[in-house]
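K.L.:
Got a structure here, written out as structure tokens. Questions coming.
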Amino acid sequence: MDRFNSNSWGGIAIITASCPGARPPIPIKILLDVFSCRYVSGEVKLNGSVDYRWITHDEIDQYPFPKANHKFIPLLLPGR
Numbered sequence: 001m002d003r004f005n006s007n008s009w010g011g012i013a014i015i016t017a018s019c020p021g022a023r024p025p026i027p028i029k030i031l032l033d034v035f036s037c038r039y040v041s042g043e044v045k046l047n048g049s050v051d052y053r054w055i056t057h058d059e060i061d062q063y064p065f066p067k068a069n070h071k072f073i074p075l076l077l078p079g080r
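Using the UniProt record's numbering, you'd call the opening residue of the sequence shown number 1 and step up by one each time.
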């Protein structure tokens, strides 16, 4: 962990900005800031009726993601 620039925010450790400013291949212009994080402590506080789940890198293929996310997912998964 020493090689990562770690910051803690509300029980979540932001390890590194994995793909800052990722621009997905879609016709509208959006800017996605992507972070690799790990759970440190605390409870998730949802804003509305949004479901959540912490998953490992090995589990990521089990979940559907919007097309915009497909550009940076390989950057979060070393060796893929």
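Positions of the beta carbon are idealized from the N, C-alpha and C atoms, including for glycine.
Computed from a predicted model, the values in this text were never measured in an experiment.
Work out the CA separation of glycine 79 and phenylalanine 72 for me, nearest whole Å.
P.N.:
The residue you call residue 72 lines up with position 72 of the sequence shown. The residue you call residue 79 lines up with position 79 of the sequence shown. The straight-line gap from Cα to Cα measures roughly 14 angstroms.
K.L.:
For a test of the three-state rule: what should DSSP assign to glutamate 59, helix, strand or coil?
P.N.:
Taking the first residue of the sequence shown as 1, we reach residue 59 at position 59. Helix.
K.L.:
Who are the Cβ neighbours of tryptophan 54 in its own chain at under 7 angstroms, not counting the five residues just before and after it?
P.N.:
As a working mapping, residue 54 is identified with position 54 in the sequence shown. Tyr39.
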